[in-house]
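Here this note's numbering = 1-based position in the sequence shown + 96. Just so it is clear, CB atoms sit at the ideal spot from N, CA and C, and this is done for glycine as well. Everything numeric in this text was worked out from a predicted model, so none of it was measured. Here the structure is laid out as structure tokens; the discussion comes afterwards.
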Amino acid sequence: MNFKLKLSVFTLMAALIPIIILGYLFYTNFNTLTKVSLEQNTIGVKNSAYEYINSLARDKASIASLRMDGIFQSISVMGQSAQNIIDNAGNLGQLNKIYDTGLFNNKIIPFKNSLTNPPSETVNILVPPYLAQKPQSMSLLRISSLMNITMPAVVQANPSITFMYFVGDEYNAITRAYPNINLANELNKAGVLNANFWRDFFPENLPHWKKFYTDKEFSAKVLEQTGSAITFNDIYEDKAGQGKVLTLFYPLWNRKTNAFAGAVAADVSLNNIVNTVLDVHVVKTGYAVLINSKGEVIAHPDKSDEDLKVETKVISRNGLEYSYQDLGSSSNESIQNIYHDIIQNEVGYHEITLGDGRAGIMAFASLNPMNDMQYRKDIWKILILVPEDEILATLIETQKVITAHNQATILKSLIAVSISIAFVIMASFILSTGITRGVSQLGAAARGIANKNYDIQVRVTSKDEIGDLGKAFNQMSREIKDYTTNLEDMVKDRTQKLEKAMSKINSLNEQLKVENKRMSAELDVAQQLQLMVLPSESEFGKIEGLDIAGLMEPADEVGGDYYDVFQVKKSTLIGIGDVTGHGLSSGVIMLMAQTAIKTAASMGNRDMKQLLSTVNSVLYDNIERIKADKTMTLSLIDYKDNEYTIVGQHESVLVCRSDGTLENIDTLDLGFFIGLEKSIDNMIKEFKITLYPGDTMILYTDGITEAVNMSEEEFGIEGLMESVKKHKDFSAKEMLDSIQRDILEHIGNAKIHDDISMIVIKQCANEVNMTKGDVDLFGTFTDIDGEDCKSLATLQANAQDLSSSWNRCGMTANFLSQFFSHFFPYKEKAVDMISRDDAESTMSYILNELIENTAKYSNLDKPAVEVKLCLLDPELIFEVSNYIQIGHVEKFKSLCREILDNDPQELYIKKIEANIDDDASESGLGYLTLINDYGVQLGFKFQAENSQIKTSIQAKLNYRGRV
97 MNFKLKLSVF TLMAALIPII ILGYLFYTNF NTLTKVSLEQ NTIGVKNSAY
147 EYINSLARDK ASIASLRMDG IFQSISVMGQ SAQNIIDNAG NLGQLNKIYD
197 TGLFNNKIIP FKNSLTNPPS ETVNILVPPY LAQKPQSMSL LRISSLMNIT
247 MPAVVQANPS ITFMYFVGDE YNAITRAYPN INLANELNKA GVLNANFWRD
297 FFPENLPHWK KFYTDKEFSA KVLEQTGSAI TFNDIYEDKA GQGKVLTLFY
347 PLWNRKTNAF AGAVAADVSL NNIVNTVLDV HVVKTGYAVL INSKGEVIAH
397 PDKSDEDLKV ETKVISRNGL EYSYQDLGSS SNESIQNIYH DIIQNEVGYH
447 EITLGDGRAG IMAFASLNPM NDMQYRKDIW KILILVPEDE ILATLIETQK
497 VITAHNQATI LKSLIAVSIS IAFVIMASFI LSTGITRGVS QLGAAARGIA
547 NKNYDIQVRV TSKDEIGDLG KAFNQMSREI KDYTTNLEDM VKDRTQKLEK
597 AMSKINSLNE QLKVENKRMS AELDVAQQLQ LMVLPSESEF GKIEGLDIAG
647 LMEPADEVGG DYYDVFQVKK STLIGIGDVT GHGLSSGVIM LMAQTAIKTA
697 ASMGNRDMKQ LLSTVNSVLY DNIERIKADK TMTLSLIDYK DNEYTIVGQH
747 ESVLVCRSDG TLENIDTLDL GFFIGLEKSI DNMIKEFKIT LYPGDTMILY
797 TDGITEAVNM SEEEFGIEGL MESVKKHKDF SAKEMLDSIQ RDILEHIGNA
847 KIHDDISMIV IKQCANEVNM TKGDVDLFGT FTDIDGEDCK SLATLQANAQ
897 DLSSSWNRCG MTANFLSQFF SHFFPYKEKA VDMISRDDAE STMSYILNEL
947 IENTAKYSNL DKPAVEVKLC LLDPELIFEV SNYIQIGHVE KFKSLCREIL
997 DNDPQELYIK KIEANIDDDA SESGLGYLTL INDYGVQLGF KFQAENSQIK
1047 TSIQAKLNYR GRV
């Protein structure tokens, strides 16, 4: 593409792009403005329509409530009149002359064994055949004629009532009704002329009416919720030929006999409800529906069937057919979605889909509460349904006009833009032709130079930048010609300079190779030193009771991780740490730490806090001396007899119990960074934990938890814990190798950024050759619970409390000896008995020795120590019992055998000589002192109970003859 065409395209695009953008902005903004206007208009109209529908529903509900209240008031007037007649029946029965007058004369005629009156009478009466000969029924029929005064007036005053009647009690169910529909003839047609009104048609109503009049609390609740005793029944097909009716009852009560006395009832025709209560005219096809609290449709126009789509169920009950239409059974999904909202709320509105697929609006409002036939509160609701397109017809027409105007405006704009574009195309072609004439000449000259024609010159006569460019081109053409002629000499000069520079680079490279070999040798020596001081597998195997395996993988040639395991006399010391950084300086500080720890430990100091403090002080001085910016995390662990004492701050210590339970011990509060401060004494704390056979302890450095894969995801403490739990049943070496494989699988092809070190310590099972129920006895042991001895006292103490401060053992012994001495059989003049003072001091010493030794060996998971003292003349028997640590069982048995099988005097001297330079806490010197100085007889009992071993130690003192 030549420059002229490019310039034409550029000029054209420069003009067209703004036109297109402006046209697009005009189009979108105009459409947006129109759309927003229509949306706002739609929202406003819809809100107004919704508000109108809501208001209509509330108004219609209020009107319906007033009409229902009118019906309630009418039946209440008639009911109260009837109640007055029932209350004064005795007096009214004596007014014989009244009943002979035309208004109250029943004018009885027989019909099919029943009694009725002529159809020409205003008020109709009916005595069923089974009551025609009953005097009580005829008496009730007589006095009920007084209702002839009010009944027609009440019905005529309320056109909503189609039929009103009075029915006697269940034993005298005579009927008086208005208007006269020849009730006897209608019931005879239906075949129910001899039916008992209450028993055959409405038996469920009576129990609830009786409860209303006999249960004051119930009646108070009913009156509070609706203010009326009136109930209504579900819609049914009337046997008297009135079609589907809704019946309201005003129950009557005989206060003298405290019994049901009948009821006044009013029938409201379903057609009457539809034509009055549901008389709604909204736009063209809007209508209303009446439902009760259970969602059952009470009344609805025929046109609602297509929209509501509810099933009609006809149920025959007590000779009547009841019709039920449950709104919840609607197959219209949009009504199903809002069904619960309609039931639970008093007012509201929703958008729905009508039966013909059109959008519709439903608003609902509630009527005043009423009582159903069981006196449950029932709140009817009026639903108003309107097609949305009818109520929004004006809005839709307005939208069509605006849309048409919008499209016409856009068409005119497009025509104007098209004309502008045609003009721009012509102008850009003319302009580009004049501009590119000089550029075309320069292009031809440039192609000549490319063909090595350096003598070419251009003639550009324009006085603008193109003319300047032509002059510059002519100058450049002359320079290229001169430069090409001298190029060979310039290349030779540059080549000589590059050869001299390359010679110097080769010399420096040889020097660097020599230096690199020297430093690699030094690092290799340092790494060998570091690996040489690590404990070997053979050293691990010498540690009794533990299965140990260790791993160290430096990230660089020399790492900063440290771990060590070694024995010091009767203890095993375990250490793990991490020097900050990597490389030679970190490795040197690690070696310093290893040397300092081992030297300090070999001095025999069992105080772990003092040991850590000494190591910190040494490393602090050395780090200061070598001017290294390094610190170290370090945890030291002292192991003896299944118990581990941990000091120092490092990564957490993981313990996996034999059952798979994981414990994560935080060491943050157990110390401080080593080498950062001169003294950390006040920051060091101890933590003790006991491991049982099958338990595992894992020590590690942060290179494990912080190992990342290609996605920069860390292995993490969670990954380590999961791996530990997965391989818990392996040996220490197998477990270490398996965890290492899991770590390397996680890392994959990613780089290892930090040293990886780990120690796995597995507690081995102690060999105790005892099973549940086994008993081992040493020396003379008496079952004091089975002997006829006098028990002075029994006491239980906590071994942890006793061993935490040994003077507590002495205080406990003093207290017990003072207490026991009060029961001692002391006789003032008896020369063959120990005195009370001697008895107290002797018991104190013996008890102190027994309690101290028991607390030392006690299993802290079951720390109870039991002390008993019994008299079995002439002996005073001390017995101390506890549960011993599993690791001490065989050792303690060996001590028992040694004490009982050797001369106590000689053994005492031998023990003192052997323990001059060692810890004498487990030598048995206390037991030997009791034998030698107090003449006691010792007995030992070991009894296996499940996974625990219970020991009992007896000391028998002959209290006679000791002065």
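| Item | Value |
| --- | --- |
| Alpha-carbon to alpha-carbon, F974 and M939 | 9 Å |
| Residue of T668, M458 and L630 minimising C-alpha distance to G641 | T668 |
| Same chain only: Cβ atoms within 6 Å of G451, ignoring 5 sequence neighbours per side | E402 and D403 |
| Which residues DSSP lists as bridging D265, in chain order | Beta-bridge pairing links D265 to no other residue. |
| DSSP state of R555 mapped onto helix, strand, coil | coil |
| Under the three-state DSSP convention, the category K399 falls into | helix |
| In DSSP terms, what L344 is bridged to | F328 and A362 |
| Residue(s) in a DSSP beta bridge with D734 | L669 and T741 |
| Spatial distance of W476 from S389 (CA atoms) | 6 Å |
| CB-CB length for D183 against F259, believed under 8 Å | Their Cβ separation, rounded to whole angstroms, is 26 Å, which puts D183 and F259 out of contact at 8 Å. |
| N- and C-terminal bounds of the beta strand (DSSP E) containing K1130 | Residue 1130 is absent from the structure shown; the chain starts at 97 and stops at 1059. |
| C-beta atoms of Y309 and Y418 nearer than 8 Å | no |
| Distance between beta carbons of T322 and M466, contact taken as under 8 Å | 6 Å |
| Nearest residue (CA-CA) to V251, options S1019, G166, R351 and D398 | G166 |
| Cβ-Cβ separation, I1049 to T908 (assumed contact under 8 Å), whole Å | At roughly 15 Å, the Cβ-Cβ gap does not stay under 8 Å, so T908 and I1049 are not in contact. |
| Same chain only: Cβ atoms within 6 Å of I852, ignoring 5 sequence neighbours per side | E649, G799 and I800 |
| Three-state class that DSSP yields for D870 in the structure shown | coil |
| Pair within 8 Å by beta-carbon distance, A459 and A153 | yes |
| Simplified DSSP assignment, three categories, for M688 | helix |
| Separation of T343 from A461, as counted between CA atoms | 23 Å |
| Three CB pairs or more closer than 8 Å across the stretch 762–774 and the stretch 802–817 | no |
| Buried or exposed by the 16-neighbour rule on C-beta atoms within 10 Å, applied to T408 | exposed |
| Range of the contiguous alpha helix (DSSP H) that encloses F636 | E633 to G637 |
| Length of the line joining the Cα atoms of F636 and V661 | 7 Å |
| As assigned by DSSP and simplified to three states, the class of K925 | With a pLDDT of 49 at K925, under the threshold of 50, the predicted position of this residue should be treated as unreliable, though the coordinate-derived value follows. Correct three-state label for K925: coil. |
| Minimum C-alpha distance to Y471 - residue among A960, S324 and I980 | S324 |
| Continuous alpha helix (DSSP H) stretch holding L463: start and end | It is not in any alpha helix (DSSP H) - L463 carries neither H nor E in the DSSP assignment. |
| Contacting residues, own chain, Cβ-Cβ under 6 Å from K1037 (five flanking each side not counted) | L873, F877 and S1048 |
| Per DSSP, the bridge partner or partners of N150 | DSSP, once it has assigned bridges, lists no residue as partnering N150. |
| Presumed contact (8 Å Cβ cut-off) between D791 and S754, rounded CB distance | 6 Å |
| K1007 beta carbon less than 8 Å from that of V1032 | no |
| Closest residue to L680 among L510, G656 and K694 (Cα-Cα distance) | G656 |
| CB-CB length for N281 against E217, believed under 8 Å | Wrong, their Cβ atoms sit about 14 Å apart, outside the cutoff. |
| Beta-carbon separation (whole angstroms), I270 vs L227, contact threshold 8 Å | 6 Å |
| Identified DSSP bridge partners for C752 | L758 and T792 |
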